[in-house]
Amino acid sequence: MAVPGRGQPTRPSEPATLVLRPGAARFASGDPIWWLELRQGSQHLARWAAATGLKQRQQADRRWSPGNGAPLPPGTYRVGRPEPWGRDLWIALEPLFKTSRSGLGIHHCFPGVGCICLPQRAELDQLAGLIRRHGVRRLQVLSP
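Under numbering that gives the first Met the number 0, think of the first position of the sequence shown as 0, with each following residue one higher.
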């Protein structure tokens, strides 16, 4: 291991980010599983089975039709700090691209109707703790 200031230059560690990508599997309900992954550089730190959008609306317009039950639009989002939301937690997501969709976030629910839904509340608590610990501020949503 190099000592800072001697030998090899040091560089700060890469920021941890979230990635939401479609998976091939389905929940027992038939809703598609999307994988929400916490990554730091090439390292995968954690992942959770999530839902976004209704199963019959997976191919609906994702960018310009709010309230249509489609999955989150692909692109980069700013991740807010986890905060109480009734008896739940809310993690706000702000799109960093043009869209008419708003009020987006990560929370405990199932099925998903447009946000990122984690069916298991304990997993939402785990995600919130990791967002705080790693200072996560970005989410990348990938297309199917």
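Yeah, the Cβ is synthetic: ideal placement off N, Cα and C, and Gly gets one too.
task: Name the residue from Gly74, Ala48 and Pro31 whose alpha carbon lies nearest to the alpha carbon of His106.
output: Ala48
message: Using 8 angstroms as the threshold, is the C-beta distance between Ala69 and Arg61 below it?
response: yes
field: Given Lys54 as reference, the closest of Leu95, Ile32, His133 and Gly102 once Cα atoms are compared
entry: Ile32
- request: List the DSSP bridge partners of Ala49.
  value: Trp33
- prompt: Considering Gln125, what are the terminal residues of the alpha helix (DSSP H) in which it resides?
  reply: Gln125: member of the alpha helix (DSSP H) spanning Arg120 to His133, first to last residue.
query: How big is the Cα-Cα spacing for Phe109 and Pro73?
result: 21 angstroms
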